[in-house]
Structures are given as structure tokens and as C-alpha cells.
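Participant: Submitted below is the structure of interest, expressed as C-alpha cells.
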Amino acid sequence: MRIVAGALVLACAPGFAQQPEPLKAGAELYARNCSPCHGARMLDPQGAFDLRKFPRDQRERFVTSVSKGKNAMPPWGDVLKPEEIESLWLYVTMGERG
Amino acid sequence: MRVVFAAAILSGATAVCAQSLDDLKNDGRNTDNILTYGMGYHQQRYSRLSQIDRKSVRRLVPVWSLSLDNNWGEQAQPIVYNGVMYVTNARHTVAIDVATGKQIWKHTLEWPPETPRVVCCGVSNKGAAIYNGRVYRTTLDAHVIALDAKDGKELWRTKVAEWKDGVSLTLAPLIANGVLVIGNSGAEYGVRGFIDGIDPETGKRLWRRYTIPARGEKGNETWPQDNNAWEVGGGSAWITGSYDPQLDLMFWGTGNPAPWASQSRPGDNLYTSSVLAMRPKTGEIVWHYQFTPNDAYDYDACWELINADLKIDGKDRKVLMQLNRNGFVYVLDRASGSLISARPYAKVNWASAVDPDTGRPVESDIAKSIRAGKPTEMWPSTRGGKNWMHASFNPQTGLLYAATLHEGRMYKHLEIKPHVVGQRYMYIENLPLPRAAGEPIGHIDAINPLTGEKKWRVPLTDFQVWSATLSTGGGLVFTGKETGEFIALDAETGKQLWQFQTGSGINAMPVTYTHKGRQYVTVLSGIGGLYWNIAREQLQNVPQGGSVWTFALMPD
């Protein structure tokens, strides 16, 4: 697992063009559906949760919040497939590093 | 015979007890009532009432407050009829006794918890319409409902669209020439905007006018003919239109095209970012004027299109005025749609001017840079030189009074991906710019509509104001702050004369009226809407919670 994660970090460094597919899919989903509130590339969260601060060890909390909604955020579980939410988690935790 | 006689009595009773189309036309003359959105079909948000004036306003005190049991935010304009106030938010419709502040009835809506997913800019509702003993409102999940004004009983419910397709409704309906008219929200989700005429008696749709013409219809040639951009092209009409009963024309502003990035839709993209002059009985478009052709900036034209009579070059002109999101204040001839003037009222860098001959903006190198997909400092930002918070027009001073925005953003078009039904369709990056210390982020302005010049401006350095203004014959301008203060300014100078701290933030529309000869002012408090989405962190010490606040002068 650690080797895979390391490979992801390395792959992220040069930018989207060389990102692995799940990360790229997460980035695209984020840009379409999440960035209007959480900010382009998570840079400008304004009133929404600052995802750069989301604890990296709380994947389940992330999946639950996206699926069922949290505070002002509506539920997304009926339109996003589990693997899409996983790709979002990958993007949120890895996508803008490096 | 007896049947006919009884029917005549019933019909007579209705005419006495429920306001008619004539009452709606004359809204403002009887100061006991507020029957239309904008305090008159003209949407001037002006009352001649002057008991509360520059001197007496210091004695203005709250006389009652009522909880609205709602945390989603309050944006609505109250309606007042025969001593009863009707207030809406996303959850409830409430009837209130004006004299006591006591709730008479409450109607509660249920909508799926997923619905806010298709609401870009705040879960709210902007108010009700009243006609013939019924209260009408729209719902977040794209229905229109009719309630009995007496008891709140639901009389009919019409599904306008499928919310999962990205359509929501937050506006107050317009009753014009006996037709209930609404428009939709949803351009951020790639819906095709429409304006519907509905029979107020039955809820049956009488006509639908899409704001984007179909293939073969006039105007569709302004969209690409080799893709389906027009079908997902936005142009939602999310604010109530104004209406001129003499011309029998209603004026609806339309929103931005979709997506915000413009590469997929070369052409003017009619009728997005435009005003449509329409017949209420048929939805026929009599004339149109497009403020921002091929809008690449989210410059909706939805909000108040104020009708007024102005003397211009010695001639009386029937005009239509708008502080457009694109930073220019437009004055049009409302019979013909011809341009009279368009001058900047805010910092604008995407266009250098509006060409007086063609009526089209002269786009700058900034616009070229944005269209080339480069990150570009853009003024005004996508939120505009002004947003929905309605201006008022005082015919005594000839000035528009409005909360305006002073904000640029680093804006960039992204590659456009295929449209997914019910999901965002914008494809831009929109990042903040560094700001000099002390530079205002907005103003409260008194603006000459023909020149854009400010008679005065109140700079705002902490929070923008996202409330409508109310102008009065007492020489006052009322508005509210996101930090909760309801304030009165001197219309001549902008000096703040009075304030009262309500229980939450104000992002709504104050009104004034009389009851038993006494002038009242009412505003809703309850933080919500787009600005709360933006500045929630900074406003963390402003609690949520909706309420109605009503004020009157303390006796001497």
C-alpha cells in the first residue's frame, strides 16, 4: 500500500496530465460539482468547509458527509457512485499536493 | 333565478373581500396594502409615506417580532393586505396580524433534502403574490402553489419542472392581466430557461416561453447550429418581472448563458443576459434588448427592471432602468426597448463603454484575455457591480439607491466537459484578488441613472450589504446589514440616522405601509443567501434564525 501511495504522490507532481485515472476523475468531479462552494482547486473555500484541512485519517467521515450531506451541504449519494466518491477522496487527500 | 342571484352575491362578496387586478395596478395608492413585488408593478420600492422622516426616525422602535422557525435564511418581501401580512421563506408561508404580530396561520413545505444540490446561491424564497383571495408562491423543488389567504389551505399545486433536472424556483410570482407568471432558476446546471404563464384559478399552464428559442425560431441563429449548446444554454429568469399595465408589457430579465465558459457557444446567445418585454396573456415577446451578448462572465440581467417616468432632454420618457450586473446602469425606452443611456456605475474593465448606436458593449482586451482562456483580473466579478439586492427609485430625487459591490476576481475559463443533467455546468475558476487595506468591498450608493454618477456613497469595508433598499417620502433609505443592523439613511446625504440590531443577519427587502393611520416598517432578519455562502466564516458570530421585525414611531 505504501508503495502505491508513494507512486500516486510522484504521479501527482507533474500535474493533471500524468495523473492516474481515479485521481483525474476525482479532480474532474470536484471541478464540476464541488468547486463552486469549496473553491477552485480547494484554494478558495469561502463559506464552505476548507477541504485542505480535512483530516486524512477520516475517510469514512468524508464518504458519509458526501453521501448523506452535512450542515449546508446536500446529500450526493443518489447521483455519485461509491467509486466516484472514492475518487473525490483521492483528489481531496492527494490531488493538490506537490 | 335564485341560483343566479346567489351567484351574484357571492361574486360581489369576492370583489369586496379580495383584491382585484385594479388594486394590483394601483398598488401604493392605498398605503394600508402592499400587493406586489417591488411595492408597485413598477418595482420602484418607494412609498410616499412620511410620518417617519429624517427628524422623527430617532423615535422608531420595534413594536413586534415573530419567529419564522427557519434557519435557511430570509430574503422575502412581505405582502400586506387588509391588516394581514404574508411572508415566505423556503420552508413556510406565514400569515401575521399586522396589529399584534401574532401568527394567524402557517403552511409548511416539504422538499427532498437533496434539492439544495440544484440551488446555486442560497436556499430561500423571495415572496408571495396575492390575488382574488389567494396567496401564491413558488417552491424550491419547482412547484407553484395556491393557498387560501384566510386559512392557508392549499388549493392547488402545479409541478413546473423536475428539480432533479436542475430547475428550482425561488422567485415571487407576478400576477399581470389576470395571469400568474413565474420564471426558473438553474442556469448553473445547464437548464434551458423559461417563463410560464399559469391560470391563477386552476394552476393550469397557459403558455411557456423558453428564453432560448428552439431550432427554427427567430433568435436560435445566435447559437451554434452544429451542437446542442442552445438546449443546455441557461438564461434562467429568477427574479420577478415588472409590469406596465398601460402598455400591457411585462419586463423579465434573463440570466447568464450556460456554461459560464463560452467556448462551446459562439454567437450572441439570445435571449440570455437580456430583458424581454412580453405580453402576459400569451407570452409573446414584443421586444428584447441584450445587455451582454455572448456573456462569458455570469452577468445575469434578472433583477429589478424599474419603470419610471423621467424628463430627458426636456421630454417625458417612459423608461426602464437597471443597475446591470455587468457594471453599467441602463436606461431604455420601455415601449420600444431602444437604448437611452448606459453608463458605468461600478469599476468595469471587461468593456470600455456601451456603443450608443448599436447598444452593444465594446469589449476590452480583458474580455479577449478571458475568452482566450487566460487567468484574468476581471471587474466587476461574476457577482457583479450589484447583485440581486434590489435598488429603490425615489421619484422626488430622481436617484436609484442600492447596495453595490466593489470586487474583482481572478477569472479563468476551463475546458468544457459534457453536460450532466442536474449537475453543475460552469467550467470556470474564480479566485480572490489581493486587496489593499481599507479598500471598500462594496457601497450603499445614490446613483443618477442617466450618468452613473453618485450623489453620495457609503463605503463598506467589513461586510457587503445584500439587502434591498426601501425609499420613502420621509427622505429616508432603509436597508439592512449581514451583521443584523436594520438602518435608515438620509436620502440626501447618505448619513446614517438610525439603526436597530435584529437577531440575525439581514438579506431581505424592507417595506413600509400604514395600519389605522400609523406608518410601519417591516423587514425580515435571518442570515442566508449567497453572501452567507461566501462569508460564513467571517460571519460566524451572526446566528441563524428567521424572524419578522416591525417598527413604528414611539409616541411623543
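These protein sequence lines map, in sequence, to chains V and Z.
Going by this note's numbering, the first sequence opens with residue 10, and the numbers climb by one from there.
Going by this note's numbering, the second sequence opens with residue -8, and the numbers climb by one from there.
Each residue gets a CB set at the ideal place from its N, CA and C atoms; glycine is no exception.
1) Taking serine 360 of chain Z as part of the alpha helix (DSSP H), name the residues at either end of that continuous run.
2) Can you check whether the C-beta of leucine 52 of chain V is within less than 8 Å of a C-beta belonging to chain Z?
3) In three-state terms, what does DSSP make of glutamate 179 of chain Z?
4) Return no unless some Cβ of chain Z is closer than 8 Å to the Cβ of tryptophan 85 of chain V.
5) Threonine 27 of chain Z by DSSP, collapsed to three states: which one?
6) Report yes if the CB atom of threonine 373 of chain Z is closer than 8 Å to the CB atom of asparagine 421 of chain Z, and no otherwise.
7) Out of Z:His98, Z:Gly113, Z:Val170, Z:Pro215, state which residue places its alpha-carbon closest to the alpha-carbon of tyrosine 122 of chain Z.
8) Tell me, please, whether the CB atom of proline 366 of chain Z is closer than 8 Å to any CB atom in chain V?
9) Nearest to alanine 363 of chain Z by CA position, among Z:Arg308, Z:Asn498, Z:Ser253, Z:Ala428, is which residue?
10) The alpha helix (DSSP H) spanning glutamate 69 of chain V covers which residue range?
11) I want to see whether chain Z comes within less than 8 Å of glycine 56 of chain V, judged by CB atoms only; does it?
12) Counting only C-beta atoms, is lysine 408 of chain Z closer than 8 Å to chain V at any point?
13) Got a sec: which bits of the stretch 120 to 143 of chain Z sit with their beta carbon under 7 Å from any beta carbon on chain V, in order along the chain?
14) Between the C-alpha atoms of lysine 535 of chain Z and aspartate 190 of chain Z, what's the straight-line distance to the nearest angstrom?
15) For the beta strand (DSSP E) containing aspartate 88 of chain Z, list its first residue and its last residue.
16) Would arginine 108 of chain Z pass as an interface residue toward chain V - the criterion being a Cβ-Cβ separation below 8 Å?
17) What does the alpha-carbon distance come out to for the pair glycine 350 of chain Z and leucine 480 of chain Z?
18) Short of 7 Å Cβ to Cβ, which residues in the stretch 65 to 83 of chain V face chain Z?
19) DSSP on alanine 268 of chain Z, reduced to helix/strand/coil?
20) By Cβ distance, which residues of its chain are closer than 8 Å to glutamine 531 of chain Z, with the 5 residues on each side in sequence left out?
21) Note down, in chain order, every chain Z residue with its Cβ under 9 Å from the Cβ of valine 88 of chain V.
22) Looking only at its own chain, which residues have a Cβ that is under 7 Å from the Cβ of alanine 344 of chain Z, when we skip the five neighbours before and after it?
23) Please decide whether glutamate 105 of chain V counts as near chain Z, where near means a Cβ-Cβ distance under 8 Å.
24) Are the C-beta atoms of arginine 41 of chain V and some chain Z residue less than 8 Å apart?
25) Please check the pair glycine 537 of chain Z and leucine 138 of chain Z, which I expect to be a contact at CB under 8 Å, by giving their CB distance rounded to whole angstroms.
26) Does the CB of glutamate 93 of chain V have a neighbour CB from chain Z at under 8 Å?
27) Out of curiosity, what's the CA-to-CA distance linking histidine 434 of chain Z and leucine 146 of chain Z?
28) Using a cut-off of 7 Å between C-beta atoms, extract the partners of alanine 49 of chain V located in chain Z.
29) Identify every run of the beta strand (DSSP E) within the stretch 304 to 362 of chain Z, keeping only runs that are complete inside it and at least 3 residues long; order them along the chain.
30) What is the DSSP secondary structure of methionine 545 of chain Z, reduced to helix, strand or coil?
31) Mind pulling the chain V residues with CB within less than 8 Å of asparagine 524 of chain Z?
32) Compute the Euclidean distance between the alpha carbons of tryptophan 523 of chain Z and alanine 459 of chain Z, then round it to the nearest angstrom.
33) Indicate the three-state DSSP secondary structure (helix, strand or coil) for glycine 292 of chain Z in the structure shown.
34) For the stretch 27 to 38 of chain V, enumerate the residues whose C-beta is nearer than 8 Å to any C-beta of chain Z, in chain order.
35) Please tell me whether glutamate 406 of chain Z and tyrosine 418 of chain Z are closer than 8 Å, where the distance is taken between their beta carbons.
36) Just verifying my parser: in three-state terms, what is the DSSP assignment at aspartate 14 of chain Z?
Facilitator: On the basis of the supplied data:
1) Note, serine 360 of chain Z: alpha helix (DSSP H), 356 to 362.
2) So, interface residue.
3) DSSP places glutamate 179 of chain Z in helix when its eight states are reduced to three.
4) Chain Z contact via Cβ: present.
5) Residue state, collapsed to three classes: coil.
6) Yes, these two residues count as a Cβ contact at 8 Å.
7) Closest by alpha carbon: Z:Val170.
8) Output row for proline 366 of chain Z: interface = no.
9) For alanine 363 of chain Z, the nearest C-alpha among the options comes from Z:Ser253.
10) DSSP places glutamate 69 of chain V in the uninterrupted alpha helix (DSSP H) bounded by 68 to 77.
11) Glycine 56 of chain V counts as touching chain Z.
12) Yes, because at least one Cβ of chain V sits closer than 8 Å to the Cβ of lysine 408 of chain Z.
13) Residues passing the 7 Å Cβ filter: none.
14) The residue asked about is misnamed: residue 535 of chain Z is glutamine in this sequence, not lysine. Their Cα atoms are separated by approximately 37 Å.
15) Start and end: 83 to 88.
16) Yes - at least one Cβ of chain V is within 8 Å of the one on arginine 108 of chain Z.
17) C-alpha separation (whole angstroms): 35 Å.
18) Near chain Z, meaning a CB-to-CB distance below 7 Å, the residues of the stretch 65 to 83 of chain V are Gly78, Pro83.
19) Strand.
20) Closer than 8 Å at the Cβ level, and outside the excluded window around glutamine 531 of chain Z, lies no residue.
21) Chain Z residues near valine 88 of chain V: Glu105, Arg108, Lys155, Val411, Gly413, Gln414.
22) Result list for alanine 344 of chain Z: Val353, in chain order.
23) Not an interface residue.
24) Among the residues facing chain Z, arginine 41 of chain V is included, as its CB has a counterpart in that chain under 8 Å away.
25) In this structure glycine 537 of chain Z is not in contact with leucine 138 of chain Z, their Cβ atoms being roughly 19 Å apart against a cut-off of 8 Å.
26) By this cut-off, glutamate 93 of chain V is not an interface position.
27) The alpha-carbon atoms of histidine 434 of chain Z and leucine 146 of chain Z are separated by roughly 43 Å.
28) In chain order: Glu420, Asn421, Leu422.
29) Taking only runs of at least 3 residues, the beta strand (DSSP E) segments lying wholly in the stretch 304 to 362 of chain Z are 306 to 314, 319 to 324, 330 to 335, 342 to 345, 352 to 354.
30) Look at methionine 545 of chain Z here: in three-state DSSP terms it is coil, with no helix or strand label.
31) Cys46, Gln55, Gly56, Ala57, Ala81, listed in chain order.
32) Straight-line Cα distance between these residues: approximately 16 Å.
33) Checking the displayed sequence, the identity of residue 292 of chain Z turns out to be alanine instead of glycine. Here alanine 292 of chain Z sits in coil by DSSP.
34) Of all residues in the stretch 27 to 38 of chain V, Glu37 have a Cβ within less than 8 Å of some Cβ in chain Z.
35) Result yes, Cβ atoms of glutamate 406 of chain Z and tyrosine 418 of chain Z sit closer than 8 Å.
36) Three-state result, aspartate 14 of chain Z: helix.
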